[in-house]
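First up is the structure itself, then whatever we jot down about it.
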Amino acid sequence: MFDYFYKRSYALYALLAAFVFMGIVALVTLPKNLFPDANPPQVIVITNVPGATAQVAANTVSKPIEQEISRLGLITNVSSINMANFSIVKADFDYKKGLNEAAVDVANALSIAKGKLPTNVSPAIYTAGDFTLPVDIISLSPKAGGISIFDIRKIADSFIKPYLLSNPNIGNVEVFGGYESAINIEIDPFKAKRYGLNFEMITKAIQAINRDIPVGFVKGENSFYTITFYGEKNEIERIKNLKVLPNISIRDIADVKWSYKKRTSGYIGNAKPSIALAIQRAPKGSVLDVSNAARTEMKKLATQYPNINFEIADTQRDLVELANSNMLDALRDAILFTLIVVLFFLGNFRAIFTAAISIPIVFFSTMAIIWLTGGELNIVIYTAIILALGMLTDDAVVVLENVERHLNELNEDLQTAIVNGTKEVIAPIFAGTMATAAVVAPLMFIGGFPEKIFKPLIFTLIIALFISFFVSITFIPQLLKVLYKNGFKKTKVELWFDKIYNKSVGKLVEPYVSVIKFSNGKNKIARRLLLTVGVLVILMLSVGTIMPTIGKDAMPPMDTGIVKAQIAFSANETVDSAEKKIAPFLTWVHQQEWLNRSSVAFGTEAGVLSLGSGNLPSEATITLNCVDRFSRKLTMWEIEDIVRNKLSKLEGVKRNDVYDFGATAVSSVKAPLAVRIKSPFVDGLTDKTHQISEAMATIKGLTSVSTSWDKDVSEIVLDIDENKALSYGITPLQIASQIPVKGQIIGLNANLQSMSTQYVRLYMKGKFSENEQTLRLLPIQTKFGEIPLESLAKISKQLTFAKIERDKMLYSVDVNGYRAKRPITHLTDEANEALAQIKDLDNVIITQEGDIQVIDDSFSRMMKAIALGILLLFLILIAIYKSVRLSFIMILVLPLSLIGAAWGMLLFHKPSCMPSLLGILLLFSIIIKNAVLLIDFYQSHRTSGESPYKSAIESVRVRFRPVLMTAFGTIAGMIPIALENAVGLERLSPLADVAIGGLLIGTLLTLIYVPMYAYISDTKS
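Numbering of the sequence shown is given in the numbering used here, commencing with residue 151 and proceeding in unit increments.
In structure tokens:
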């Protein structure tokens, strides 16, 4: 490769120029997100079950669907949330399963389950993942004296949503906020009875003439498909004139109006009652591209609808923009710090210039490869490039130094020195590159969450390493022709830097040589044993003491500036009353200098996944977008404490969980600490949660504890006396059909071609739908005339379940604990201790379902990756050096770097986590590169006839400077990551903390133990 491109310099320049150009294009055009998409495939089945209680929805809808989905391949979990009128079944799949394939499998399972479902329900299938999270939430509120919020909902559903979906950059749009349009028929029961009509007769009359089917549309990747079926057209006026008897029209017994169904959901954007438009990206889509498209269209819509106030109430855009900008700044700082280290150690401006030229070439070429392979830009990608900086610089400098050696020591001419000097180092540079790649490569194939989150980092790192190798042996020699054409003597400034190095760090080489000499003095066996046992004791004490102290996390908490809160009022509250109760908090929070915007979603709407999915009407999900952490005084966790305290003072608040955005590693995990109680029986299950909640409330580090559901809502129970009903010539079913209190859909109207399909809903007029007492007086038509409902049935109140959850075919309730920063393993251990003290839990199954599940699975996978990486490294070293002994010595010193890694995590206050394990892998890859430098020189001296002992000493003397430069150059590049100089870097900073601590200690120990064991084990004379 060297010879080919050395003779074809213009071909090389053209190739590099092409990649740099593509890299620049990639930097501008690549999709930009915060982190890689890492949530497993999830398919959600939402079924609207009008009039059903939570228990009825669970028994008649969720159970049959769960049974069929549970049989599918690669399914990891099936769960459901059941509430009045809704069943929501969630199917989680293994990462090996494609999202589309999972959706097809669920659809097939659903077709089998339909035979077991009630005839009046139609389950709908939705796919979910990282793309479900809204890119932007646009709140639509009426301007003063203008349009009503009910009219805004109609416009949003019928005009704005289809318009936005016509933009190819927008993946999906969900409309939320209640006020869903419907043609409501409010029947006066007395008027109906006067004409001998009952509700069943009225329903049949309307259904007989109105057979419209709703208009539906599905957004595809490149187009959108509209499915439209029209039956007879019926205007509102025609419905009023519809004859239910020869001389009786609907208008004679009912009010017919175009209104909205009774609200079970609501939305408040920036403290204003609003309708929300949740803008979503397609899978693997760009947050910034989608946001740009949506905001461009929003400006046009604001002009088209001057009576509607368009505002951004929630967004990912600010976070992603700031993070990407911060990472570019961190990259700049890392390059600067690295070049300063090179200048200090080498005192060579040519080396600085060489590194300064090679780094941009490698950076943009790496960007080009990411672009060509369909990747994206995020914090993980930038981190990989920053991590590679020290190693990239090292490759270029190694070539330069060796060429200078040929010029200075061997007195070769420039061309000969460049050719011979480059060829000499191709093998060790390639060996170092292969060794580094071998250590980290297994992480790309371990599966699960670690692979999804770190595969882009490893791929980018490996690409950068091999591009660096290519540039160092092709472009750098061409560059050196120019740099050395006027000579190679150092300037006075360069000599001054040399002097500084020699009088400071350079003096440390002798103490290292002294340690090697100490190991070969009198009683050398005892001395060697002392050095070996001493370092092993320090290793065991450091790891054994520090690791349990710092604990474990899946991913460390991060200050994104987005505060989430889940609050709940009494389950008997309506959306309207809950909105009134939260109003004082919203007024207060918008007066705080740290707040940018707010979003509050109450309840659940069918088909809407991004807002309120699974919430009761009295439950709200609050999102507060704060000023970024570089521009405010308070940390996010301090803001959370303030918000939590303020919410606790709201009237009637029962649940008050305030936590940070991304509080759990994956979205399918409900809370950092989640204790799940499961049983085949729902009765009595929630009673046990009260004891568990009390026990968990004592755990240090938890900010709140809440249960996912309880038996706490009042319901009216209608106990029909079947014998009495039959004596009046009426069945219980006929009685129930005369009580239209659920707003059932009896028809669909699609005649208004400019609007979406309007549901025709049947309600009782006035007082009969208000409370228990008036319901008693409802007249029921029988063969013997009208009698009040209370004569046929006993009407009473009782507590029931507002919500019921199921998991793995059992009823389940979660006791969720939220934290600030305390490690998950510490919380989980204390939770297990607290649970062990509770009696009477024998007849239920208790499991830990929080982040500890992700930790156990991910750590197991990553430990296997580390073991496999070391094994691959060992085999590669044997192949390169043709020596099992030397390869084993290089591997043997790797664990010693864990001393510094453990202290690094302790000093930086970081737990052991997935990024720290990745940091250990990277640490090993750098340590092994330094060991390769030492062994390569040791072998060179042994080949020339030197004794093992002298070869060891000379390897330390000669390689001391380049080994330290590699280590400190890498450390310098990692400083911006360790200092968390970008939003979101808190998640990855343990990687740098481990590497910095490990390199500081590991490099120093490598300089002692690699040469020492090399000469001790060398038995050849």
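Just so it is clear, CB atoms sit at the ideal spot from N, CA and C, and this is done for glycine as well.
Quick one: using the 10 Å Cβ neighbour count with 16 as the cut-off for buried, is A145 buried or exposed?
-> The requested residue 145 is not part of the displayed model; the chain covers only 151 to 1171.
Going by other Cβ atoms of all chains shown within 10 Å of its Cβ, with 16 needed for buried, is H556 buried or exposed?
-> buried
Compute the distance between the beta-carbons of V1160 and L1084, then report whether it is under 8 Å.
-> yes
What does L198 pair with, by DSSP beta-bridge criteria?
-> The sequence given here places Asn at residue 198; Leu does not occur at that position. DSSP, once it has assigned bridges, lists F236 as partnering N198.
Measuring CB to CB, does V821 end up less than 8 Å from G701?
-> According to the sequence as given, residue 821 is Ala; it is not Val. It is not a contact, given that the beta carbons lie outside the stated cut-off.
If we ignore side chains and look at the alpha-carbon of each, how far apart do S415 and A591 end up?
-> 48 Å
Could you tell me if G694 is buried or exposed, where buried requires 16 or more neighbouring beta carbons within 10 angstroms of its beta carbon?
-> exposed
Identify every run of the alpha helix (DSSP H) within the region 583–650, keeping only runs that are complete inside it and at least 4 residues long; order them along the chain.
-> 598–633
Sort Y345, V440 and L347 by Cα distance to F108 and report the nearest one.
-> The structure shown has nothing for residue 108, since the chain only spans 151 to 1171.
Would you mind sorting Y163 into buried or exposed? The rule is 16 or more other CB atoms within 10 Å of its CB.
-> exposed
Specify the secondary structure class of K383 as computed by DSSP and reduced to three states.
-> Because K383 carries a pLDDT of 32, less than 50, the predicted location of this residue cannot be relied on, and the following value inherits that uncertainty. Of the three classes helix, strand and coil, the one that applies to K383 here is coil, per DSSP.
When DSSP builds the beta bridges, which residues end up paired with L527?
-> K182
Residue range of the alpha helix (DSSP H) that K796 falls in?
-> M786 to L797
Can you tell me which of the three DSSP states W738 falls into?
-> helix
Under 6 Å Cβ to Cβ from K933, same chain only, skipping five residues before and after it: list those, please.
-> G879
Among D402, V323, F487 and F309, which one has its Cα closest to the Cα of L347?
-> D402
Just list the beta strand (DSSP E) runs in the region 212–300, keeping only unbroken ones of 3 residues or longer that don't cross its boundaries, in chain order.
-> 225–233, 236–243, 274–278 and 286–292
Starting from D479, trace the alpha helix (DSSP H) both ways and give me its first and last residue.
-> R467 to L496
Pull up the CB-CB distance for Y245 and P186, whole angstroms please, since I reckon it's below 8 Å.
-> The Cβ separation is near 12 Å, so there is no contact.
Whole-angstrom distance between E1104 and G525, CA atom to CA atom = 46 Å
Where does the unbroken alpha helix (DSSP H) through Q454 begin, and where does it stop?
-> V437 to Q454
What whole-angstrom Cβ distance do V437 and R445 have, given they're in contact under 8 Å?
-> With a Cβ gap of about 12 Å, V437 and R445 do not count as contacting.
Go ahead and label T975 buried or exposed: buried means 16 or more other beta carbons lie within 10 angstroms of its beta carbon, across all protein chains shown.
-> buried
Residue closest to I151, alpha-carbon to alpha-carbon, out of T836, F580 and G435 = The question names Ile, but residue 151 is Met in the sequence shown. For M151, the nearest C-alpha among the options comes from F580.
Separation of V1106 from T566, as counted between CA atoms = 28 Å
Give the DSSP-derived three-state secondary structure of D307 in the structure shown.
-> helix
Do L689 and A721 have their C-beta atoms closer together than 8 Å?
-> no
Please classify D837: is it buried, with 16 or more other beta-carbons within 10 angstroms of its beta-carbon, or exposed?
-> exposed
Return the residue from the list M786, T277 and I717 that minimises the CA-CA distance to D709.
-> M786
Looking at C-beta atoms only, is the number of pairs between the region 933–949 and the region 764–781 that lie closer than 8 Å three or more?
-> no
Start and end residues, alpha helix (DSSP H) containing T1093 = M1064 to T1093
Three-way DSSP call (helix, strand, coil) for P396 in this model | coil
For the putative contact between D810 and K657, defined by C-beta atoms under 8 Å, what is the C-beta separation to the nearest angstrom?
-> Contact doesn't hold; Cβ gap of about 48 Å is too wide.
In angstroms with no decimal places, state the Cα-to-Cα distance between I1146 and T1169.
-> 36 Å
Inter-residue Cα distance where the pair is I535 and V547 = 18 Å
Taking all protein chains shown into account, decide if G571 is buried (16 or more other Cβ within 10 angstroms of its Cβ) or exposed.
-> buried
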